[in-house]
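Student:
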(Lines of atoms letter the chains of each structure in order from A; the text may use other names.)
(Lines give C-alpha, C1' and ligand atoms only; values in the text may rest on other atoms or scores of the structure.)
Protein backbone atom coordinates (compact mmCIF):
# COMPACT_ATOMS: atom_id res chain seq x y z
CA UNK A 8 0.00 0.00 0.00
CA UNK A 9 2.89 2.33 0.67
CA UNK A 10 4.01 2.24 -2.96
CA UNK A 11 1.38 4.74 -4.00
CA UNK A 12 2.88 7.21 -1.56
CA UNK A 13 5.91 7.31 -3.83
CA UNK A 14 3.69 8.51 -6.66
CA UNK A 15 5.71 11.31 -8.23
CA UNK A 16 3.54 12.48 -11.05
CA UNK A 17 4.86 15.51 -12.83
CA UNK A 18 6.92 18.50 -11.78
CA UNK A 19 4.12 20.94 -12.41
CA UNK A 20 0.55 21.28 -13.61
CA UNK A 21 -0.04 21.85 -17.27
CA UNK A 22 -1.53 25.30 -17.39
CA UNK A 23 -2.24 26.95 -20.70
CA UNK A 24 -1.52 30.62 -20.78
CA UNK A 25 -3.58 31.73 -23.75
CA UNK A 26 -3.28 35.49 -24.06
CA UNK A 27 -2.67 36.08 -20.36
CA UNK A 28 0.93 37.23 -20.60
CA UNK A 29 0.83 38.72 -17.11
CA UNK A 30 -0.42 35.46 -15.60
CA UNK A 31 2.19 33.54 -17.55
CA UNK A 32 4.90 35.75 -16.05
CA UNK A 33 3.53 35.26 -12.54
CA UNK A 34 3.56 31.48 -12.95
CA UNK A 35 7.07 31.54 -14.37
CA UNK A 36 8.23 33.59 -11.39
CA UNK A 37 6.36 31.27 -8.99
CA UNK A 38 4.24 34.16 -7.76
CA UNK A 39 1.24 31.90 -7.34
CA UNK A 40 -0.63 34.00 -4.80
CA UNK A 41 -0.42 37.03 -7.08
CA UNK A 42 -1.65 34.87 -9.96
CA UNK A 43 -4.55 33.76 -7.76
CA UNK A 44 -5.51 37.38 -7.02
CA UNK A 45 -5.27 38.39 -10.68
CA UNK A 46 -7.38 35.45 -11.88
CA UNK A 47 -9.97 35.81 -9.11
CA UNK A 48 -10.46 39.47 -10.01
CA UNK A 49 -10.80 38.63 -13.70
CA UNK A 50 -13.40 35.94 -12.99
CA UNK A 51 -15.64 38.42 -11.16
CA UNK A 52 -16.33 40.05 -14.52
CA UNK A 53 -15.98 36.89 -16.63
CA UNK A 54 -17.40 34.08 -14.45
CA UNK A 55 -17.97 31.71 -17.38
CA UNK A 56 -14.40 31.73 -18.67
CA UNK A 57 -13.44 28.10 -18.09
CA UNK A 58 -9.86 28.56 -19.24
CA UNK A 59 -9.30 31.17 -16.54
CA UNK A 60 -11.12 29.04 -13.97
CA UNK A 61 -8.75 26.19 -14.82
CA UNK A 62 -5.75 28.50 -14.45
CA UNK A 63 -7.06 29.52 -11.04
CA UNK A 64 -7.19 25.83 -10.14
CA UNK A 65 -3.52 25.59 -11.12
CA UNK A 66 -2.66 28.60 -8.95
CA UNK A 67 -4.42 27.00 -5.99
CA UNK A 68 -2.70 23.69 -6.69
CA UNK A 69 0.77 25.19 -6.62
CA UNK A 70 -0.07 26.69 -3.22
CA UNK A 71 -1.44 23.35 -1.95
CA UNK A 72 -4.87 24.88 -1.48
CA UNK A 73 -6.35 21.53 -2.40
CA UNK A 74 -10.04 22.13 -1.68
CA UNK A 75 -10.05 25.36 -3.70
CA UNK A 76 -8.23 23.67 -6.57
CA UNK A 77 -10.65 20.73 -6.56
CA UNK A 78 -13.64 23.08 -6.56
CA UNK A 79 -12.24 24.95 -9.57
CA UNK A 80 -11.67 21.82 -11.63
CA UNK A 81 -15.01 20.29 -10.67
CA UNK A 82 -16.79 23.48 -11.74
CA UNK A 83 -14.90 23.42 -15.03
CA UNK A 84 -15.68 19.74 -15.65
CA UNK A 85 -19.36 20.26 -14.88
CA UNK A 86 -19.54 22.66 -17.82
CA UNK A 87 -17.03 21.12 -20.21
CA UNK A 88 -16.29 17.40 -20.36
CA UNK A 89 -14.66 17.53 -23.77
CA UNK A 90 -11.11 18.71 -22.99
CA UNK A 91 -8.40 16.27 -21.94
CA UNK A 92 -6.35 18.94 -20.17
CA UNK A 93 -9.13 19.61 -17.66
CA UNK A 94 -9.37 15.93 -16.70
CA UNK A 95 -5.59 15.66 -16.62
CA UNK A 96 -5.22 18.65 -14.30
CA UNK A 97 -7.97 17.30 -12.04
CA UNK A 98 -6.21 13.94 -11.84
CA UNK A 99 -2.90 15.70 -11.16
CA UNK A 100 -4.37 17.61 -8.23
CA UNK A 101 -5.75 14.38 -6.77
CA UNK A 102 -2.33 12.76 -7.15
CA UNK A 103 -0.65 15.68 -5.39
CA UNK A 104 -3.21 15.45 -2.59
CA UNK A 105 -2.49 11.73 -2.25
CA UNK A 106 1.21 12.46 -1.84
CA UNK A 107 0.48 15.18 0.70
CA UNK A 108 -1.91 13.15 2.88
CA UNK A 109 -0.91 9.51 3.23
CA UNK A 110 -3.88 8.63 5.42
CA UNK A 111 -6.35 9.75 2.78
CA UNK A 112 -4.36 8.62 -0.26
CA UNK A 113 -6.53 5.60 -1.01
CA UNK A 114 -9.66 7.75 -1.09
CA UNK A 115 -8.38 9.56 -4.19
CA UNK A 116 -7.30 6.54 -6.24
CA UNK A 117 -10.61 5.86 -7.98
CA UNK A 118 -11.27 9.44 -9.08
CA UNK A 119 -7.63 9.84 -10.09
CA UNK A 120 -7.84 6.80 -12.37
CA UNK A 121 -11.12 7.92 -13.94
CA UNK A 122 -9.73 11.39 -14.64
CA UNK A 123 -6.56 10.13 -16.32
CA UNK A 124 -8.37 7.48 -18.35
CA UNK A 125 -10.87 10.06 -19.57
CA UNK A 126 -8.06 12.44 -20.54
CA UNK A 127 -6.35 9.62 -22.46
CA UNK A 128 -9.62 8.78 -24.22
CA UNK A 129 -10.30 12.39 -25.21
CA UNK A 130 -6.80 13.07 -26.52
CA UNK A 131 -5.02 10.14 -28.15
CA UNK A 132 -1.82 12.20 -28.29
CA UNK A 133 -1.75 13.50 -24.71
CA UNK A 134 1.74 12.50 -23.58
CA UNK A 135 1.54 13.69 -19.97
CA UNK A 136 -1.64 11.70 -19.33
CA UNK A 137 -0.01 8.51 -20.56
CA UNK A 138 2.98 9.16 -18.34
CA UNK A 139 0.59 9.60 -15.42
CA UNK A 140 -1.08 6.27 -16.20
CA UNK A 141 2.26 4.47 -16.48
CA UNK A 142 3.19 5.69 -13.01
CA UNK A 143 -0.30 5.10 -11.63
CA UNK A 144 -0.36 1.45 -12.63
CA UNK A 145 3.21 0.78 -11.47
CA UNK A 146 2.98 2.46 -8.08
CA UNK A 147 -0.33 0.89 -7.10
CA UNK A 148 -0.25 -2.59 -5.54
CA UNK A 149 -2.00 -5.20 -7.69
CA UNK A 150 -4.70 -5.73 -5.09
CA UNK A 151 -6.05 -2.23 -5.69
CA UNK A 152 -5.54 -2.02 -9.43
CA UNK A 153 -1.82 -1.89 -10.09
CA UNK A 154 -0.74 -3.62 -13.28
CA UNK A 155 2.63 -3.85 -15.02
CA UNK A 156 0.82 -5.04 -18.15
CA UNK A 157 -1.35 -1.92 -18.29
CA UNK A 158 1.65 0.29 -17.55
CA UNK A 159 3.45 -1.27 -20.52
CA UNK A 160 0.37 -0.68 -22.66
CA UNK A 161 0.54 3.05 -22.02
CA UNK A 162 4.31 3.03 -22.40
CA UNK A 163 3.79 1.53 -25.85
CA UNK A 164 1.28 4.27 -26.67
CA UNK A 165 3.90 6.78 -25.56
CA UNK A 166 6.45 5.18 -27.84
CA UNK A 167 4.08 5.65 -30.78
CA UNK A 168 3.82 9.34 -29.93
CA UNK A 169 7.44 9.93 -28.90
CA UNK A 170 10.14 7.28 -29.01
CA UNK A 171 12.10 9.00 -26.26
CA UNK A 172 9.12 9.11 -23.90
CA UNK A 173 8.28 5.51 -24.72
CA UNK A 174 11.81 4.31 -23.99
CA UNK A 175 11.98 6.33 -20.78
CA UNK A 176 8.61 4.96 -19.67
CA UNK A 177 9.68 1.38 -20.33
CA UNK A 178 12.97 2.00 -18.55
CA UNK A 179 11.01 3.32 -15.58
CA UNK A 180 8.72 0.27 -15.55
CA UNK A 181 11.53 -2.27 -15.64
CA UNK A 182 13.59 -0.32 -13.12
CA UNK A 183 10.62 -0.22 -10.77
CA UNK A 184 10.18 -3.96 -11.33
CA UNK A 185 13.87 -4.58 -10.48
CA UNK A 186 14.67 -5.82 -13.98
CA UNK A 187 18.03 -4.13 -14.41
CA UNK A 188 18.92 -5.58 -17.82
CA UNK A 189 15.67 -4.50 -19.50
CA UNK A 190 15.75 -1.10 -17.81
CA UNK A 191 19.30 -0.53 -19.02
CA UNK A 192 18.34 -1.46 -22.59
CA UNK A 193 15.54 1.11 -22.72
CA UNK A 194 17.41 3.90 -20.96
CA UNK A 195 20.29 3.42 -23.39
CA UNK A 196 17.80 3.61 -26.26
CA UNK A 197 16.46 6.85 -24.81
CA UNK A 198 19.99 8.27 -24.63
CA UNK A 199 20.67 7.26 -28.23
CA UNK A 200 17.45 8.70 -29.62
CA UNK A 201 16.92 11.69 -27.33
CA UNK A 202 20.28 12.47 -25.78
CA UNK A 203 18.72 14.93 -23.33
CA UNK A 204 19.80 15.64 -19.77
CA UNK A 205 16.82 13.62 -18.52
CA UNK A 206 17.86 10.58 -20.57
CA UNK A 207 21.41 10.59 -19.24
CA UNK A 208 20.34 11.21 -15.65
CA UNK A 209 17.84 8.36 -15.68
CA UNK A 210 20.55 5.99 -16.90
CA UNK A 211 22.89 7.38 -14.24
CA UNK A 212 20.29 6.79 -11.51
CA UNK A 213 19.77 3.23 -12.69
CA UNK A 214 23.47 2.46 -12.32
CA UNK A 215 23.53 4.23 -8.98
CA UNK A 216 20.62 2.15 -7.74
CA UNK A 217 22.51 -1.00 -8.73
CA UNK A 218 25.65 0.22 -6.92
CA UNK A 219 27.48 0.51 -10.24
CA UNK A 220 29.02 3.80 -9.22
CA UNK A 221 31.81 3.86 -11.78
CA UNK A 222 29.30 3.31 -14.59
CA UNK A 223 27.10 6.07 -13.19
CA UNK A 224 30.07 8.44 -13.22
CA UNK A 225 31.07 7.34 -16.72
CA UNK A 226 27.52 8.09 -17.92
CA UNK A 227 27.77 11.64 -16.58
CA UNK A 228 31.16 12.10 -18.21
CA UNK A 229 29.75 11.00 -21.58
CA UNK A 230 26.80 13.35 -21.11
CA UNK A 231 29.21 16.24 -20.48
CA UNK A 232 30.79 15.59 -23.87
CA UNK A 233 27.44 16.17 -25.58
CA UNK A 234 25.62 18.64 -23.33
CA UNK A 235 26.57 21.97 -21.79
CA UNK A 236 24.22 21.69 -18.81
CA UNK A 237 25.80 22.83 -15.55
CA UNK A 238 23.75 20.25 -13.63
CA UNK A 239 26.13 17.59 -14.94
CA UNK A 240 29.02 19.25 -13.11
CA UNK A 241 27.12 18.94 -9.86
CA UNK A 242 26.07 15.34 -10.51
CA UNK A 243 29.62 14.23 -11.22
CA UNK A 244 30.78 15.94 -8.03
CA UNK A 245 27.94 14.39 -6.05
CA UNK A 246 28.85 10.89 -7.24
CA UNK A 247 32.48 11.53 -6.37
CA UNK A 248 31.60 12.70 -2.87
CA UNK A 249 28.92 10.10 -2.19
CA UNK A 250 30.95 7.06 -3.22
CA UNK A 251 34.51 8.29 -2.66
CA UNK A 252 35.57 7.89 -6.27
CA UNK A 253 37.43 10.10 -8.77
CA UNK A 254 38.09 12.85 -6.24
CA UNK A 255 40.11 15.02 -8.61
CA UNK A 256 37.31 14.98 -11.20
CA UNK A 257 34.78 15.62 -8.46
CA UNK A 258 36.57 18.70 -7.19
CA UNK A 259 37.04 20.11 -10.69
CA UNK A 260 33.38 19.54 -11.58
CA UNK A 261 32.05 21.10 -8.39
CA UNK A 262 34.32 24.12 -8.79
CA UNK A 263 33.03 24.49 -12.36
CA UNK A 264 29.45 24.23 -11.11
CA UNK A 265 30.06 27.10 -8.69
CA UNK A 266 31.87 29.14 -11.32
CA UNK A 267 29.10 28.73 -13.90
CA UNK A 268 26.20 28.93 -11.45
CA UNK A 269 23.20 30.96 -12.63
CA UNK A 270 19.53 31.43 -11.82
CA UNK A 271 18.77 28.49 -14.11
CA UNK A 272 20.52 26.06 -11.76
CA UNK A 273 18.10 24.36 -9.38
CA UNK A 274 20.66 22.90 -6.98
CA UNK A 275 21.89 25.59 -4.56
CA UNK A 276 25.53 26.55 -4.28
CA UNK A 277 25.43 25.31 -0.70
CA UNK A 278 25.03 21.73 -1.89
CA UNK A 279 28.13 22.02 -4.08
CA UNK A 280 30.12 23.41 -1.15
CA UNK A 281 28.83 20.54 0.99
CA UNK A 282 30.05 17.98 -1.55
CA UNK A 283 33.43 19.70 -1.78
CA UNK A 284 33.69 19.59 2.01
CA UNK A 285 33.01 15.85 1.93
CA UNK A 286 35.70 15.20 -0.67
CA UNK A 287 38.28 17.31 1.16
CA UNK A 288 37.46 15.48 4.40
CA UNK A 289 38.06 12.14 2.68
CA UNK A 290 41.40 13.53 1.51
CA UNK A 291 42.13 14.73 5.06
CA UNK A 292 42.37 18.37 3.98
CA UNK A 293 40.69 19.77 7.08
CA UNK A 294 41.07 23.48 6.34
CA UNK A 295 39.61 23.19 2.85
CA UNK A 296 36.80 21.02 4.16
CA UNK A 297 35.97 23.57 6.86
CA UNK A 298 36.06 26.41 4.37
CA UNK A 299 33.45 24.80 2.15
CA UNK A 300 31.17 23.49 4.88
CA UNK A 301 31.11 26.97 6.43
CA UNK A 302 30.11 28.42 3.06
CA UNK A 303 27.36 25.81 2.82
CA UNK A 304 26.07 26.64 6.31
CA UNK A 305 26.22 30.36 5.61
CA UNK A 306 23.75 29.87 2.76
CA UNK A 307 21.56 27.23 4.43
CA UNK A 308 22.23 27.39 8.19
CA UNK A 309 19.37 25.08 9.18
CA UNK A 310 20.40 22.20 6.89
CA UNK A 311 21.00 19.30 9.28
CA UNK A 312 23.29 17.29 7.01
CA UNK A 313 25.59 20.32 6.70
CA UNK A 314 25.85 20.59 10.49
CA UNK A 315 26.55 16.87 10.75
CA UNK A 316 29.31 17.16 8.15
CA UNK A 317 30.91 20.01 10.07
CA UNK A 318 31.00 17.83 13.19
CA UNK A 319 32.76 15.09 11.22
CA UNK A 320 35.32 17.61 9.96
CA UNK A 321 35.96 19.05 13.41
CA UNK A 322 36.54 15.52 14.73
CA UNK A 323 39.39 14.99 12.27
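Numbering (my numbering), first residue to last: 8 to 323. We put the beta carbon where it would ideally sit given N, CA and C, even for glycine.
For residue 327, I'd like the list of residues in its chain whose CB is within less than 7 Å of its CB, leaving aside the five on either flank, ordered along the chain.
Tutor: Since the first and last residues shown for the chain are 8 and 323, residue 327 lies out of range.
Student: Residue 159: which of 282, 173 and 218 sits nearest, CA to CA?
Tutor: Comparing Cα-Cα distances from residue 159 to each of 282, 173 and 218, the minimum goes to 173.
Student: Can you tell me which of the three DSSP states residue 252 falls into?
Tutor: Coil at residue 252, not helix or strand.
Student: With DSSP collapsed to three states, give me the class of residue 124.
Tutor: Residue 124: helix per DSSP, three-state reduction.
Student: Near residue 303, what residues of its chain come up, given a Cβ to Cβ distance below 6 Å and the 5 sequence neighbours on each side ignored?
Tutor: Within the same chain, residue 303 has close Cβ partners 277, 280, 281 and 313.
Student: Report buried or exposed for residue 163, applying the criterion of at least 16 other Cβ atoms within 10 angstroms of its Cβ.
Tutor: With fewer than 16 Cβ atoms within 10 Å of its Cβ, residue 163 is classed as exposed.
Student: Is the Cβ-Cβ distance between residue 143 and residue 119 less than 8 Å?
Tutor: For residue 143 and residue 119, yes; Cβs fall inside 8 Å.
Student: First and last residue of the alpha helix (DSSP H) that includes residue 98?
Tutor: Counting along the chain, the alpha helix (DSSP H) containing residue 98 begins and ends at 91-107.
Student: Straight-line CA distance for residue 307 to residue 40?
Tutor: Taking the straight line joining both Cα atoms gives about 25 Å.
Student: Look up residue 113 in the DSSP assignment and say whether it is helix, strand or coil.
Tutor: It is helical.
Student: Taking the Cβ atom as the reference point for each residue, do residue 34 and residue 42 lie within a distance shorter than 8 Å?
Tutor: Yes; because the gap between Cβ atoms is below 8 Å, this pair is in contact.
Student: Please report the residue range of the alpha helix (DSSP H) in which residue 307 lies.
Tutor: Careful: residue 307 lies outside any alpha helix (DSSP H) and carries neither H nor E.
Student: Using 10 angstroms around the beta-carbon of residue 253, count the other beta-carbons present and answer buried if the total reaches 16, otherwise exposed.
Tutor: It counts as buried.
Student: Quick one, are the C-beta atoms of residue 299 and residue 289 less than 8 Å apart?
Tutor: Against a cut-off of 8 Å, the Cβ pair of residue 289 and residue 299 comes out as no contact.
Student: If you compare alpha carbons, which of 244, 218, 207 and 77 is closest to residue 226?
Tutor: Nearest C-alpha to residue 226: 207.
Student: Using C-beta distances below 6 Å, list every residue in its chain close to residue 274, excluding the 5 sequence neighbours before and after it, in chain order.
Tutor: The answer, listed in chain order, is 241.
Student: With a Cβ-Cβ cutoff of 8 Å, do residue 46 and residue 90 count as a contact?
Tutor: Contact flag unset, no.
Student: Helix, strand or coil: how does DSSP classify residue 274 here?
Tutor: Coil.
Student: Let me know the secondary structure DSSP gives residue 216 once reduced to three states.
Tutor: Here residue 216 sits in helix by DSSP.
Student: Please classify residue 321: does DSSP put it in a helix, a strand, or coil?
Tutor: Reduced to three states, the DSSP call for residue 321 is helix.
Student: Measure from the alpha carbon of residue 337 to the alpha carbon of each residue in 171, 181, 184 and 217, then state which is nearest.
Tutor: With the chain represented from 8 up to 323, any question about residue 337 goes unanswered, as that position is not in the structure.
Student: By DSSP, does residue 178 sit in helix, in strand, or in coil?
Tutor: In this structure, residue 178 counts as helix in the three-state DSSP scheme.
Student: Using only CA atoms, which one of 262, 219 and 222 lies nearest to residue 238?
Tutor: Looking at the Cα atoms, 262 is the closest of the given residues.
Student: Which of the three DSSP states, helix, strand or coil, is assigned to residue 234?
Tutor: Here residue 234 sits in coil by DSSP.
Student: Indicate whether residue 180 and residue 121 have their beta-carbon atoms separated by less than 8 Å.
Tutor: No; because the gap between Cβ atoms is not below 8 Å, this pair is not in contact.
Student: Thinking just about the alpha-carbon of each residue, which of 309, 191 and 154 is nearest to the one in residue 219?
Tutor: The option with the nearest alpha carbon to residue 219 is 191.
Student: On the premise that residue 110 lies in contact with residue 134, defined as a C-beta separation below 8 Å, what is that separation, rounded to the nearest angstrom?
Tutor: Not really, about 32 Å apart at Cβ, beyond 8 Å.
Student: DSSP three-state call for residue 316: helix, strand or coil?
Tutor: Helix, per DSSP.
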